[in-house]
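To get this note's numbering, take the position in the sequence shown, counting from 1, and add 86.
I have placed the structure first, in the form of structure tokens, so that the comments after it can refer back to it.
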Amino acid sequence: MAYLLDRVTSKKGFVYSNASQGPFSNVNAGWYYTWGLHGIPNFEVKFTPMVWGAPDVAKMSTIAPGATELLAFNEPDGAHQSNITAQEVVTLWPQLKAKASAMGARLGSVATAQNPLSPNSYFDEVWNALAPIDRPDFICLHWYAPPNASHFLTWLDDIYEKYQKPIWVTEMCVADWGASASVPEKFSTDQIQQFMDAVIAGMNQRNYVERYSWKTRPPTDVNMGNGSLIALDGTLTALGKHYATL
Numbered sequence: 087m088a089y090l091l092d093r094v095t096s097k098k099g100f101v102y103s104n105a106s107q108g109p110f111s112n113v114n115a116g117w118y119y120t121w122g123l124h125g126i127p128n129f130e131v132k133f134t135p136m137v138w139g140a141p142d143v144a145k146m147s148t149i150a151p152g153a154t155e156l157l158a159f160n161e162p163d164g165a166h167q168s169n170i171t172a173q174e175v176v177t178l179w180p181q182l183k184a185k186a187s188a189m190g191a192r193l194g195s196v197a198t199a200q201n202p203l204s205p206n207s208y209f210d211e212v213w214n215a216l217a218p219i220d221r222p223d224f225i226c227l228h229w230y231a232p233p234n235a236s237h238f239l240t241w242l243d244d245i246y247e248k249y250q251k252p253i254w255v256t257e258m259c260v261a262d263w264g265a266s267a268s269v270p271e272k273f274s275t276d277q278i279q280q281f282m283d284a285v286i287a288g289m290n291q292r293n294y295v296e297r298y299s300w301k302t303r304p305p306t307d308v309n310m311g312n313g314s315l316i317a318l319d320g321t322l323t324a325l326g327k328h329y330a331t332l
């Protein structure tokens, strides 16, 4: 079954994993990715493949033709994510560049868990080790923090000023890392919606921001549940319905 979109926006996207979610509801997105090399069968939305971790480098030949961008390693600085040393990323990078070139596609940067602007960041270790001609064509970012839209947009501006490359925010959601099973999440869905409205308006106004995707966890998640787009029954939450209108 194909999940067709009523209205497509060029920047707004979503990330979907068959392993963690049922069929993703219609959020009127212009693109999506799956954290993997392959898209959803018969899903008629622009798909962007990702080389999630080091083992996927050997599987890049299975990427279907037609992609215009290729995403690189997912949080290689995270022990519970792709967990690749900066040196290994630099060693593997020529293979990703060659694949992107053969596809006629642009190559995105690693998307780190750490803020790229942190002193002596993992991102900069990779960036500085690459010759300028070999560096990524666009910067991929993850953002999980309190709902401060001004801080978020200033952060994007600072990253663009430093690296002078287009930006994709491939994961973003309001997060309360102090919440737990006994300490409720302190940011309400209304606060999160206000943040969503402000940052999406801001990103839509910034030509250097090419793509963005809201990351959704289940509504029961203690840190990010109030920012969920998808209810437990697979339908859109109120916030998900709102995201679909933006």
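Heads up, the beta-carbon is just placed ideally off N, CA and C, and yes, glycines get one too.
All of these numbers come straight from a predicted model, not from anything done at the bench.
If you reduce the DSSP assignment to three classes, tell me which class residue i lands in.
| i | result |
| --- | --- |
| V94 | Confidence at V94 is low in this model, with a pLDDT of 43, below 50, so its placement is unreliable and no value can be given for it. |
| N312 | helix |
| G99 | strand |
| G164 | coil |
| F238 | helix |
| W300 | strand |
| V176 | helix |
| V260 | strand |
| Y294 | coil |
| W117 | strand |
| K272 | coil |
| K132 | strand |
| V255 | strand |
| F159 | coil |
| L182 | helix |
| G108 | Residue placement at G108 cannot be trusted, given a pLDDT of 44 that sits under 50; the coordinates are not used to answer. |
| H328 | helix |
| G194 | strand |
Going along the chain, which residues of its own chain have a beta-carbon closer than 6 Å to the beta-carbon of residue i, five neighbours each way excluded?
| i | result |
| --- | --- |
| I149 | L123, P135 |
| Q277 | P233 |
| Q107 | In this prediction, Q107 has a pLDDT of 46, which is less than 50 and means its spatial position is unreliable; nothing more can be read from the coordinates. |
| M310 | C259, A261, R303 |
| Q167 | N160, E161 |
What does a CB cutoff of less than 7 Å around residue i pick up in its chain, not counting 5 residues either side in sequence?
| i | result |
| --- | --- |
| L193 | L156, A158, L182, K183, A186, P222, D223 |
| K132 | G116, W117 |
| V212 | A172, V175, V176, V196 |
| Q279 | L325, H328 |
| E271 | D262, A265, V308, N309, G311, N312 |
Taking Cβ positions, are residue i and residue j nearer each other than 7 Å?
| i | j | result |
| --- | --- | --- |
| S96 | G125 | no |
| A285 | I253 | Note that residue 285 is Val in the sequence shown, not Ala. Result no, Cβ atoms of V285 and I253 do not sit closer than 7 Å. |
| E257 | H237 | no |
| V308 | S274 | no |
| S204 | I225 | no |
| L323 | L315 | The question names Leu, yet the displayed sequence has Thr at residue 323. Yes, the pair counts as a contact, with Cβ atoms nearer than the cut-off. |
| A197 | N160 | yes |
| A215 | I170 | no |
| N114 | A287 | no |
| A235 | F281 | yes |
| V137 | Y119 | no |
Using 10 angstroms around the beta-carbon of residue i, count the other beta-carbons present and answer buried if the total reaches 16, otherwise exposed.
| i | result |
| --- | --- |
| Y304 | The question names Tyr, yet the displayed sequence has Pro at residue 304. Flag for P304 reads exposed. |
| V269 | exposed |
| P172 | This sequence places Ala at residue 172; Pro is not what is there. Classification of A172: buried, given that the 10 Å Cβ count is 16 or more. |
| T240 | exposed |
| G320 | exposed |
| S103 | exposed |
| T154 | exposed |
| G391 | As shown, the chain starts at 87 and ends at 332. That puts residue 391 outside it, with no answer to give. |
| W263 | exposed |
| K301 | buried |
| S147 | exposed |
Here's a check: name, in chain order, each residue in its chain whose Cβ is nearer than 8 Å to the Cβ of residue i, leaving out the five neighbours to either side.
| i | result |
| --- | --- |
| D210 | P202 |
| L318 | P304, P305, T306 |
| G190 | T154 |
| N290 | K97 |
Report, in whole angstroms, the separation of the C-beta atoms of residue i and residue j, which I expect to be a contact under 8 Å.
| i | j | result |
| --- | --- | --- |
| R292 | L242 | 7 Å |
| D142 | A199 | Not confirmed; about 18 Å, so no contact. |
| D244 | W179 | Going by Cβ atoms, the distance from D244 to W179 rounds to 25 Å, so no, they are not a contact pair. |
Answer yes or no: the CB of residue i versus the heavy atoms of the ligand NAP, is any distance below 6 Å?
| i | result |
| --- | --- |
| Y294 | Looking at this structure, you won't find the ligand NAP or any other ligand, since it has none at all. |
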